[in-house]
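Visitor: In UniProt numbering, the protein residues as written are 1 to 198. Where a beta carbon is used, it is the ideal one built from N, C-alpha and C, also for glycine.
So, in structure tokens, the structure goes:
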């Protein structure tokens, strides 16, 4: 293959070394492998680790470690971005918490309207776990409080740091960082709450 894109999929690979070996074996000698996974130091990964999500929060690090072991040259850079919450995120979070306290069952969380459903999905995306499972563990209140604190410190948003690893042909390798600088990858891209469903 000429181009292989692995974006946010290696989290679920049972063996990162085997996963990367397989991808590289499919790549042409002049081909490009692009791996995009959240940095281990990204806030969502901190939350995933804290609340026991079923994804490997060290995936980006393990991909680089695997390439190092294989002595494969690569370029890495970080793309900062953010998830912008709706203006009334604080009230929506409190209403969501209030709705969970009104029922005894751990199975369902009543959602008041479409905006609340979208907000619930966003919170689940960040932690990579259902709010029902967090409620069952007894950690839903703590998680929502963490989200509120993070959003308050970051003007209503949740910062993200994506690790981009490029395996490129030897003759392009040295040009990558100047290209990255020219393209302005250091600037933050905004993932808007209102467009989250898209």
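Here's the rule: buried if 16 or more other CB atoms are within 10 angstroms of the residue's CB, otherwise exposed. What is residue 165?
Guide: By the neighbour-count rule (16 or more Cβ atoms within 10 Å), residue 165 is buried.
Visitor: Quick one: give me the first and last residue of the alpha helix (DSSP H) that residue 114 is part of.
Guide: Where residue 114 is concerned, the enclosing alpha helix (DSSP H) stretches over 114-127.
Visitor: So, at 7 Å on beta carbons, what are the nonlocal neighbours of residue 123 in its own chain, with the 5 sequence-adjacent residues on each side left out?
Guide: Excluding sequence neighbours, residue 123 sits near 131, 147.
Visitor: Would you kindly work out how many angstroms separate the C-alpha atoms of residue 85 and residue 171, rounded to a whole number?
Guide: Approximately 42 Å between the Cα atoms of the pair.
Visitor: Take residue 13 and list the residues in its own chain whose beta-carbon comes closer than 6 Å to its own, dropping the five residues that flank it on each side.
Guide: Cβ neighbours of residue 13 beyond the five flanking positions: 19.
Visitor: Counting along the chain, where does the alpha helix (DSSP H) carrying residue 25 start and finish?
Guide: Residues 16-26.
Visitor: Within this structure, are the beta carbons of residue 155 and residue 41 separated by less than 8 Å?
Guide: No, the Cβ-Cβ distance between residue 155 and residue 41 is not below 8 Å.
Visitor: Would you mind reading off the limits of the beta strand (DSSP E) that contains residue 6?
Guide: Residues 3-7.
Visitor: I need the DSSP call for residue 252, collapsed to helix, strand or coil.
Guide: Summary: the structure shown does not reach residue 252, with the chain confined to residues 1 through 198, and so no result is reported for it.
Visitor: By how many angstroms is the C-alpha of residue 81 removed from the C-alpha of residue 187?
Guide: Caution applies to residue 187, whose pLDDT of 46 falls short of 50 and renders its modelled position unreliable; the model cannot decide the point.
Visitor: For residue 189 and residue 39, what's the separation of their Cα atoms in angstroms?
Guide: Low per-residue confidence applies at residue 189: pLDDT is 46, beneath 50, and the placement is therefore not dependable, though the value from the model is reported in the following sentence. Straight-line Cα distance between these residues: approximately 16 Å.
Visitor: Can you give me the Cβ contacts of residue 137 inside the same chain, cut-off strictly under 8 Å, excluding the 5 residues immediately before and after it?
Guide: Once the five neighbours on either side are set aside, the close Cβ partners of residue 137 are 51, 52.
Visitor: If you drop the 5 nearest sequence neighbours on each side, which residues of the same chain put their C-beta closer than 6 Å to that of residue 5?
Guide: Around residue 5: 34.
Visitor: So, are the CB atoms of residue 11 and residue 56 less than 8 Å apart?
Guide: Cβ distance < 8 Å, so residue 11 and residue 56 count as in contact.
Visitor: So residue 176 and residue 75 are in contact, right, with Cβ under 8 Å, and what is the actual spacing, rounded?
Guide: Yes, they are in contact, since the Cβ atoms of residue 176 and residue 75 sit about 4 Å apart, within 8 Å.
Visitor: Return the CA-CA distance between residue 31 and residue 43, expressed in angstroms with no decimal places.
Guide: So the two alpha carbons sit approximately 32 Å from each other.
Visitor: Express the C-alpha separation of residue 169 and residue 24 in angstroms, rounding to a whole number.
Guide: Between residue 24 and residue 169, the C-alpha separation is close to 12 Å.
Visitor: Kindly indicate which three-state DSSP category residue 85 falls into: helix, strand or coil?
Guide: In the structure shown, residue 85 sits in coil (DSSP, three-state: anything other than H, G, I, E or B).
Visitor: Kindly indicate which residue of 47, 65, 87 has the alpha-carbon position closest to the one of residue 17.
Guide: Closest by alpha carbon: 65.
Visitor: Tell me, which residues are paired with residue 63 by DSSP?
Guide: Paired residue(s): none; residue 63 is not in a bridge.
Visitor: What first and last residue would you give for the alpha helix (DSSP H) that runs through residue 133?
Guide: Residue 133 -> alpha helix (DSSP H) spans 131-137.
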